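Quick note: the sequence shown uses the working numbering, first residue 1288, plus one each step.
Even for Gly, the Cβ is constructed at its ideal location relative to N, Cα and C.
No experiment lies behind these values; they were computed from the predicted model shown.
One structure is given here, and the rest of the page talks about it.
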Amino acid sequence: WLAATDVGVTLAASSAIKKATRVVTTPLKSWATRSSAFALDVAGRALDGFDAKAKPTVALALHALNERRQTSDASYAASMPADMDLVDSWDAARIATLRGTSTSTAAANRACFIEEARATLAATSFDVSLSDLSWALSMVSSRAVRSEVVPYAFVPGCDLLDHAPEPNCAFGRDDASGDVFCFAIRDISGGESLTLSYGALSNDRSLRMYGFTMDGNPNDVRVMANGAWTATLDPKTSP
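Here it is, written out as structure tokens:
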């Protein structure tokens, strides 16, 4: 069933689920038409102003924004949150709480990217407001899937599963149909949230990309300038 959380909506098991059971299936036609490859094909040469790394992300963002503008309330885009509380949308007071951290630097870089992307789009007659582009890029950051199973696409249904360092589900793909699915990698109890691993996320990355942090995060790290910690060590010892 759909379950409300502090940061949106996720999926939970309405009853016990056995290991290897498919819990969500997304048909090929549903995710392939929301893939970066499809979006790039639709955009044609309109995104030539972007480098190869940024182009697929911007194409997906415009695709999501176009879907939200042109389709009914029952559309996939309508299921996305109206806004995301990601760091690049914070006001100056909240940004100040991150001063001196790598998160602050990365957030500033992302804000610059959004402004530059809007200017590049404006030069090719794409009329996109800064707030709309920020929203669309936030949807790509938080909802699009990129893995060995799914080649950078929105995957309706499967993208509702939350992150967990020790998830109870994983992605799979039907070679015959092209459908993407999530399946249980262990027995799941009724009422338990269905979860995937988004990767070895530090709190810095999870805050910037998804808008959350985790207490006791096993992958959390603190980045220090080269020499800041080695200077405190006895040079005769190995760190």
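Using only the heavy atoms of the ligand ATP, determine whether one of them is closer than 6 angstroms to the beta carbon of residue i.
{"i": "SER1301", "result": "The ligand ATP is not part of the structure shown, which contains no ligands of any sort."}
Identify whether residue i lies in helix, strand or coil by the three-state DSSP scheme.
{"i": "ALA1449", "result": "Looking at the sequence shown, residue 1449 is not Ala but Asp. Reduced to three states, the DSSP call for ASP1449 is strand."}
{"i": "LEU1494", "result": "helix"}
{"i": "VAL1296", "result": "strand"}
{"i": "ALA1457", "result": "strand"}
{"i": "THR1392", "result": "helix"}
{"i": "GLY1331", "result": "helix"}
{"i": "MET1608", "result": "Given a span of 1288 to 1526 for the chain in the structure shown, any question on residue 1608 remains unanswerable."}
{"i": "LEU1420", "result": "helix"}
{"i": "LEU1488", "result": "coil"}
{"i": "LEU1373", "result": "coil"}
{"i": "ASN1504", "result": "coil"}
{"i": "LYS1340", "result": "coil"}
{"i": "VAL1415", "result": "coil"}
{"i": "ALA1405", "result": "Per the sequence presented here, residue 1405 reads as Arg, with Ala not at that position. Correct three-state label for ARG1405: helix."}
{"i": "ARG1386", "result": "coil"}
{"i": "SER1317", "result": "helix"}
{"i": "SER1366", "result": "helix"}
{"i": "ALA1463", "result": "coil"}
{"i": "SER1525", "result": "Low per-residue confidence applies at SER1525: pLDDT is 45, beneath 50, and the placement is therefore not dependable, though the value from the model is reported in the following sentence. Three-state DSSP puts SER1525 in coil, outside helix and strand."}
Run through the DSSP bridge pairs and tell me what residue i is partnered with.
{"i": "PHE1400", "result": "Answer is none; PHE1400 lacks a bridge partner."}
{"i": "ALA1440", "result": "SER1322, VAL1432"}
{"i": "ILE1475", "result": "ILE1304"}
{"i": "VAL1311", "result": "CYS1469"}
{"i": "THR1482", "result": "ASP1449"}
Applying the 10 Å Cβ sphere with the 16-neighbour rule, what's the burial state of residue i?
{"i": "GLY1444", "result": "buried"}
{"i": "THR1384", "result": "exposed"}
{"i": "PRO1526", "result": "Here PRO1526 scores only 44 on pLDDT, less than 50, and its place in the model is too uncertain to base an answer on."}
{"i": "ASN1455", "result": "buried"}
{"i": "ASP1474", "result": "exposed"}
{"i": "ALA1283", "result": "What is shown of the chain runs 1288 to 1526, which leaves residue 1283 out entirely."}
{"i": "SER1362", "result": "exposed"}
{"i": "PRO1505", "result": "exposed"}
{"i": "THR1482", "result": "buried"}
{"i": "ALA1379", "result": "exposed"}
{"i": "LEU1417", "result": "exposed"}
{"i": "SER1425", "result": "buried"}
{"i": "THR1411", "result": "exposed"}
{"i": "VAL1296", "result": "exposed"}
{"i": "ALA1406", "result": "exposed"}
{"i": "ALA1404", "result": "buried"}
{"i": "ASP1328", "result": "exposed"}
{"i": "ALA1394", "result": "buried"}
{"i": "ARG1381", "result": "exposed"}
Since residue i and residue j should fall inside the 8 angstroms C-beta cutoff, what is the C-beta to C-beta distance between them, to a whole number of angstroms?
{"i": "LYS1471", "j": "ILE1304", "result": "Note that residue 1471 is Ala in the sequence shown here, rather than Lys. With 8 angstroms as the limit, ALA1471 and ILE1304 qualify as a contact, their Cβ atoms being about 5 angstroms apart."}
{"i": "ALA1346", "j": "SER1323", "result": "6 angstroms"}
{"i": "ALA1299", "j": "SER1480", "result": "5 angstroms"}
{"i": "PHE1468", "j": "ASP1462", "result": "Not a contact, Cβ separation roughly 12 angstroms."}
{"i": "VAL1427", "j": "ALA1351", "result": "7 angstroms"}
{"i": "ALA1326", "j": "LEU1349", "result": "7 angstroms"}
{"i": "GLY1459", "j": "VAL1436", "result": "7 angstroms"}
If we define contact as Cβ-Cβ less than 7 angstroms, is residue i a contact residue for chain C?
{"i": "THR1411", "result": "Although the question refers to chain C, the structure presented lacks it and comprises just one protein chain."}
Between the region 1393-1411 and the region 1369-1376, do three or more beta carbon pairs fall short of 8 angstroms?
Touching, yes, given that three or more Cβ pairs across the two stretches are closer than 8 angstroms.
Query - Sufficient close CB pairs (3 or more, under 8 angstroms) joining the region 1352-1371 to the region 1412-1422 - result: A contact between stretches requires three or more CB pairs, one per stretch, nearer than 8 angstroms, and the region 1352-1371 meets this requirement with the region 1412-1422.
Cβ contact check for the region 1485-1502 and the region 1386-1393: 3 or more pairs under 8 angstroms
Inter-segment contact for the region 1485-1502 and the region 1386-1393 is present: three or more beta-carbon pairs are separated by less than 8 angstroms.
Does the contact criterion of 3 or more C-beta pairs under 8 angstroms hold for the region 1473-1487 versus the region 1317-1337? The answer is no - the region 1317-1337 does not touch the region 1473-1487, with fewer than three Cβ pairs under 8 angstroms.
Three Cβ pairs or more, each shorter than 8 angstroms: is that satisfied between the region 1304-1313 and the region 1433-1444?
By the Cβ criterion, the region 1304-1313 is in contact with the region 1433-1444, since at least three pairs of Cβ atoms, one from each stretch, lie closer than 8 angstroms.
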